[in-house]
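J.: Add 2 to a position in the first sequence, counting from 1, and you land on the number used in this note's numbering. Ideal Cβ positions, reconstructed from N, Cα and C, are used throughout, including at glycine. Treat the numbers as computed from the prediction; the structure is a model and nothing was measured. Below are the structure tokens for one structure; questions will follow.
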Amino acid sequence: MQHLSEQEIIRREKRQELEKLGIDPYPADAFPVTHTAAEIKKNFSEEHKAHFADISFAGRIMGIRDMGKASFGVLQDHSGRIQIYVKRDDICTGEDKTLYNTVWKKLLDIGDIIGVKGYGFITKTGETSIHVTSFTLLSKSLKPLPVVKEAEGQSFDAVTDPEFKYRQRYADMIINPQVRDTFAKRTLMINTIRDFLNEHGALEVDTPVLQSIPGGAAARPFITHHNALDIPLYLRIANELYLKRLIVGGFDWVYEFSRNFRNEGMDRTHNPEFTILEFYVAYKDYFWMMNTTENLLEQVAIALHNTTDVPAGDKVLNFKAPFKRVSIYDAVKDHTGIDISEMDEAALRDTCKKLHIETTPGMGRGKLVDSIFGEKCEKHYIQPTFIIDYPVEMSPLTKKHRSKPGLVERFELMINGKEIANAYSELNDPVDQRERFEEQVKLMERGDEEAMFIDHDFLRALEYGMPPTAGIGIGIDRLCMLLTNQPSIQDVLFFPQMRPEKREGEDLKFEI
RNA sequence: GAUUCCGUAGCUCAGCUGGUAGAGCAAUACACUUUUAAUGUAUGGGUCCUGGGUUCGAGUCCCAGCGGGAUCACCA
């Protein structure tokens, strides 16, 4: 049995009262909407009032100010909030005042969704409002909504509990309209990227989420089981190897907004499922990819902010192309004063010790370099910066550098001290690729849990011949955090992962 | 996974060295025909996250658990 608060019981009683009066609290009829709150507020004026003489508006009641024989309410639709004015003798023209005295004043609540008909006017305090001539209950709300009051841009008693916001995003969006703005911006960002790619002739594709070999990245996967085939399957950690197969197949430019799944820790910048945009372009290299990436991001910043200057906490990020380019060895030299470019694994290990960076025996040369960069350099790159030319050991899918031995043609894009994108000239030599996979197997044997598996089918594809190709993965959630100035990934995902709520008497179990 | 802070009415919060559980908003009732955090008067509403312990007595102190945040580790 559901435990109900006093207010929840009262609302259920009101619902019954409405039904007794012959009012369906959940009518099936469509309600015609002619105007939005934003349109009325923006365009209403005395000289244009003819256009607002016959308004039909629907929204959620967010506030009621009862004045006796008249009252004011605040309705909210997707575009914003607007005041309504309800006068007893206007909605009850005859002797029977039940509709006003009982239905409007007693049986409606904050949170109910109603439709109103009426006309636009401006109150004597100057607020554009709807003078209501009739109203219809469209949906009765049985659960009291936290009431947030606002005055002069300040809000009072706003719900700040993150658990409430993330578990009950629907309620969060009702009472905190700016939350909807963040998600609208997320979609605008994705649409801008999609338009950019489509305009350049790219083809959007879908590749498998369930994979029998979780490839394309170094991460721990979620595992599941397919009953009919009686095999384990993994939720993808990346789609890279599938997109490259499509390049082998003859497409020149493919992309996918890939929902990836990694069975690792959660924090402000990590959710177990997250979105990466990957795209692969034939006959290009990583220099071309840097140019394309900075142009793309400049365009996205302008689409969201009308400028390349984007606020991020107390900083301002400038997305004006071109971005700075720094080699990883120069980055380490700049921030530690140490030249690690010629060091072998043992020397790197010593350097880590000097810099107070913890190492494990499983770490190869690549991971050691990565640790030094991650600990000492990464956080300093606030403005968009390409870090380029990584050691070969940490990049098993990347083409060897055309002129610098021991390095690969790879870049990561750092913004506000975080990695946003990772790209390379793709390795297309099947013999080299097979050797790199075999190196990964050795790392796995040394205890590296995230080393890659060998994907023999991918090698077979490469053996048919893949054109020289540039590829990139861009962290969409993190980019969205930057561009909407949100400090947590939970604020750019509608439904961030949470530990399930325990309910009384419930014992959730699923057979696999 | 580790450390640390938090959990009191529908919401925001107070509750001191342990002594009958508080406010504002929301709700209920009444008044009020241009208010806007409307106002005035009155009323109801609590598993103080859960379970143990100490104590004559626990919202408060101790232990364990549950949930959330932050930091760290892994990672994008």
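Looking only at its chain, what residues have a beta carbon closer than 6 Å to the beta carbon of S373, apart from the 5 residues adjacent to it on each side?
T.: As a working mapping, residue 373 is identified with position 371 in the first sequence. Closer than 6 Å at Cβ, skipping near neighbours: I359.
J.: Thinking C-beta only, is D457 closer than 9 Å to G217?
T.: Taking the first sequence and counting its residues from 1, one reaches residue 217 at position 215. Taking the first sequence and counting its residues from 1, one reaches residue 457 at position 455. Going by C-beta atoms, G217 is nearer than 9 Å to D457.
J.: Between which two residues does the beta strand (DSSP E) carrying K119 extend?
T.: To locate residue 119, count along the first sequence from 1; it is residue 117. Residues 115 to 124.
J.: Which term fits F321, buried or exposed, when burial requires 16 or more other beta carbons within 10 angstroms of its beta carbon?
T.: In the first sequence, residue 321 corresponds to position 319, counting from 1. Under a 10 Å Cβ-count criterion, F321 is classified as buried, with 16 or more other Cβ atoms of the shown protein chains found around its own Cβ.
J.: Quick one, which of E48, F123, V318, Y392 has its alpha-carbon nearest V334's?
T.: To locate residue 334, count along the first sequence from 1; it is residue 332. When each option's Cα is compared against that of V334, the closest is Y392.
J.: Do the segment 69 to 88 and the segment 23 to 31 make contact, defined as three or more Cβ pairs closer than 8 Å?
T.: Pairwise C-beta distances place the segment 69 to 88 out of contact with the segment 23 to 31, as fewer than three of them are shorter than 8 Å.
J.: Grouping DSSP H, G and I as helix and E and B as strand, with all else coil, what is E411?
T.: As a working note, residue 411 is residue 409 in the first sequence. Strand.
J.: With F1 as the anchor, note down where its beta strand (DSSP E) starts and where it stops.
T.: A question about residue 1 goes unanswered here, because the residues of the chain that appear run from 3 up to 514.
J.: When the Cα atoms are used, what is the spatial distance from M292 to T309?
T.: Counting from one through the first sequence, the residue named residue 292 turns up at place 290. Counting from one through the first sequence, the residue named residue 309 turns up at place 307. C-alpha separation (whole angstroms): 21 Å.
J.: Would you report the Cα separation of R247 and F263, rounded to the nearest angstrom?
T.: Taking the first residue of the first sequence as position 1, residue 247 is located at position 245. Taking the first residue of the first sequence as position 1, residue 263 is located at position 261. Distance between the alpha carbons of R247 and F263 is about 21 Å.
J.: In whole angstroms, give me the CA-to-CA distance for G203 and A32.
T.: Locating residue 203 in the first sequence gives position 201, where the first residue counts as 1. Locating residue 32 in the first sequence gives position 30, where the first residue counts as 1. Taking the straight line from one Cα to the other gives about 42 Å.
J.: With 16 as the cutoff for other CB atoms within 10 Å, does N241 come out buried or exposed?
T.: In the first sequence, residue 241 corresponds to position 239, counting from 1. Residue burial annotation: N241 is buried, with at least 16 other C-beta atoms found within 10 angstroms of its C-beta.
J.: Taking 7 Å as the limit between beta carbons, can you name the residues of its chain near Y288, skipping five residues before and five after?
T.: Sequence index remark: in the first sequence, residue 288 carries index 286 (1-based). Hits under 7 Å: E411, R412, F413, A425, Y426, S427, A472.
J.: Mind checking N1: buried by the 16 CB within 10 Å criterion, or exposed?
T.: This structure does not reach residue 1, given that the chain is present from 3 up to 514, and the question cannot be answered.
J.: Taking only three categories from DSSP, how would you classify E300?
T.: In the first sequence, the residue the question calls residue 300 occupies position 298. DSSP places E300 in helix when its eight states are reduced to three.
J.: Would you call the segment 299 to 307 and the segment 331 to 347 touching, i.e. three or more CB-CB distances under 8 Å?
T.: no
J.: Can you round the beta-carbon distance between R327 and F388 to whole angstroms, since I take them to be within the 8 Å contact cut?
T.: As a first step, residue 327 is located in the first sequence; it is residue number 325 there, counting from the start. As a first step, residue 388 is located in the first sequence; it is residue number 386 there, counting from the start. Correct: roughly 5 Å between the Cβ atoms.
J.: In angstroms with no decimal places, state the Cα-to-Cα distance between S58 and V118.
T.: As a working mapping, residue 58 is identified with position 56 in the first sequence. As a working mapping, residue 118 is identified with position 116 in the first sequence. So the two alpha carbons sit approximately 6 Å from each other.
J.: Based on the DSSP secondary-structure assignment, which residues constitute the bridge partners of V88?
T.: Looking up residue 88 in the first sequence gives position 86. Per DSSP, S73, V134.
J.: Does the segment 107 to 114 come within contact of the segment 45 to 65, defined as at least 3 CB pairs closer than 8 Å?
T.: yes
J.: Considering Cα atoms alone, identify which of E152, R501, Q488 is closest to F185.
T.: For this step, residue 185 is matched to residue 183 along the first sequence. Taking only the C-alpha atoms, the option nearest F185 is Q488.
J.: Got a sec? Which residues, its chain only, sit under 7 Å from M500 by beta carbon, not counting five neighbours each side?
T.: In the first sequence, counting from the first residue as 1, residue 500 sits at position 498. So the qualifying residues of the chain are Y168, R169.
J.: For F435, which residues of its own chain have a beta-carbon under 7 Å away from its beta-carbon, when the five flanking residues on both sides are left out?
T.: Counting from 1 along the first sequence, the entry for residue 435 is found at position 433. First, the residue type needs correcting, since residue 435 is Gln and not Phe in the sequence shown. Correct list, in chain order: L429, L461, L464.
J.: Quick one: complete alpha helix (DSSP H) runs, 4+ long, within the segment 365 to 391?
T.: 367 to 378
J.: When you compare only the Cα positions, how much space is there between R17 and K142?
T.: One-based indexing of the first sequence puts residue 17 at position 15. One-based indexing of the first sequence puts residue 142 at position 140. If you take the alpha carbons of R17 and K142, they lie about 7 Å apart.
J.: Which residue or residues does DSSP assign as beta-bridge partners of A472?
T.: Walking along the first sequence from the start, residue 472 turns up at place 470. For A472, which the question treats as bridged, DSSP gives the partners V283, S427.
J.: Beta-carbon within less than 7 Å of H403's beta-carbon, same chain only, minus the 5 sequence neighbours each way: which residues are those?
T.: In the first sequence, the residue the question calls residue 403 occupies position 401. So the qualifying residues of the chain are D391, L409, V410, E411.
J.: For H358, which three-state DSSP category applies?
T.: As a first step, residue 358 must be located in the first sequence, where it is residue number 356. Under the three-state reduction of DSSP output, H358 falls in the coil class, being neither helix nor strand.
J.: Alpha carbon to alpha carbon, how far is E19 from R13?
T.: Here residue 19 refers to the residue found at position 17 when the first sequence is read from its first residue. Here residue 13 refers to the residue found at position 11 when the first sequence is read from its first residue. Between E19 and R13, the C-alpha separation is close to 10 Å.
J.: Roughly how many whole angstroms lie between the Cα atoms of T226 and E206?
T.: For the purposes of this step, residue 226 is taken as residue 224 along the first sequence, with counting starting at 1. For the purposes of this step, residue 206 is taken as residue 204 along the first sequence, with counting starting at 1. One C-alpha to the other measures close to 27 Å.
J.: What is the DSSP secondary structure of P29, counted as helix, strand or coil?
T.: The residue you call residue 29 lines up with position 27 of the first sequence. Here DSSP, grouped into helix, strand and coil, assigns P29 to coil.
J.: Starting from P234 and walking both ways along the beta strand (DSSP E), at which residues does that stretch end?
T.: Locating residue 234 in the first sequence gives position 232, counting from the first residue. From DSSP, the beta strand (DSSP E) with P234 extends over 233 to 237.
J.: Which residue comes first and which comes last in the beta strand (DSSP E) that contains P313?
T.: Here residue 313 is taken as the residue at index 311 of the first sequence, counted from 1. It spans 311 to 314 - the beta strand (DSSP E) in which P313 sits, taken as one unbroken run.
J.: Among the residues of its own chain, which have a CB less than 8 Å from the CB of T36, if the five just before and after it don't count?
T.: In the first sequence, counting from the first residue as 1, residue 36 sits at position 34. Cβ neighbours of T36 beyond the five flanking positions: D56, I57, S58, F59.
J.: A52 and G82: beta carbons closer than 9 Å?
T.: Within the first sequence, residue 52 is the residue found at index 50, counting from 1. Within the first sequence, residue 82 is the residue found at index 80, counting from 1. Cβ distance not < 9 Å, so A52 and G82 don't count as in contact.
J.: Who pairs with Y257 in a beta bridge, going by DSSP?
T.: As a first step, residue 257 must be located in the first sequence, where it is residue number 255. E206, F281, per the DSSP bridge assignment.
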